[in-house]
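*Asks:*
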Amino acid sequence: MSIAQQLGELEFGFWKGTRNYYDEHLATESMAVYPDPVGALSRDEILASIDDGARWQEVELEDMAVIEAAPGMVMVTYRAKASRGDGETYQALVGSVYVKEDGEWKLAFNQQTPA
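Residue numbering for the sequence shown follows full-length UniProt numbering, beginning at 1 and increasing consecutively.
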């Protein structure tokens with residue numbers, strides 16, 4: 001499986017995954033920046049937010065690009081379209097940075113800009 005395919009699967013998993021998924025696939029040191037009112041979150045805050053929120057039911061990731069910026073560090077960008085079971089919809093431009101930890105890609109940074 002290519003790096004692009006592997007990271008695409010990881011990204012999709014973050015949209016639909018459980019707290020355990022996040023715990024397994026977040027880097028030891030990680031952050032996320034989401035639109036207001038959420039703002040910047042540490043790893044622990046990201047994990048806590050998964051316990052509280054409804055997960056996305058339908059998710060489309062389009063125009064994905066993957067760039068290996070340095071050995072052991074990859075950047076991913078794409079456009080996301082998602083909806084919840086209650087009909088809430090969301091579209092964003094997404095940027096993620098992955099690092100290799102113990103031989104596996106882990107999400108170190110994620111930013112979403114509403115589109």
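For each residue, glycine too, the CB sits at the ideal point set by N, CA and C.
This one's a predicted model, so the numbers in the text were calculated from it and none came from an experiment.
1) Kindly indicate which residue of L47, G17, A65, V76 has the alpha-carbon position closest to the one of M31.
2) What is the rounded straight-line gap between the Cα of I50 and the Cα of R84?
3) Taking all protein chains shown into account, do 16 or more other C-beta atoms lie within 10 angstroms of the C-beta of A108, making it buried, or fewer, making it exposed?
4) Identify the residues that DSSP records as bridge partners of P114: which are they?
5) Check whether the Cβ of A92 lies closer than 8 Å to any Cβ atom in chain D.
6) Can you name the start and end residues of the alpha helix (DSSP H) that D23 belongs to?
7) Taking buried to mean at least 16 other C-beta atoms within 10 Å of its own C-beta, is A80 buried or exposed?
8) For the alpha helix (DSSP H) that G8 lies in, which residues bound it at each end?
9) Within the same chain, show all residues whose beta-carbon is closer than 6 Å to that of V76, passing over the 5 residues directly before and after it, in chain order.
*Replies:* Reading it off the structure:
1) The residue with the shortest Cα to Cα distance from M31 is L47.
2) About 14 Å.
3) Its Cβ being crowded by 16 or more others within 10 Å, A108 is buried.
4) Per DSSP, A92.
5) In the structure shown, chain D cannot be found, because there is only a single protein chain.
6) It spans 19 to 25 - the alpha helix (DSSP H) in which D23 sits, taken as one unbroken run.
7) A80 sits buried, since 16 or more C-beta atoms from the chains shown fall within 10 Å of its C-beta.
8) Its alpha helix (DSSP H) spans residues 3 to 16.
9) Within the same chain, L7, V66, S96 come within 6 Å of V76 by CB-CB distance, once the 5 residues on both sides are set aside.
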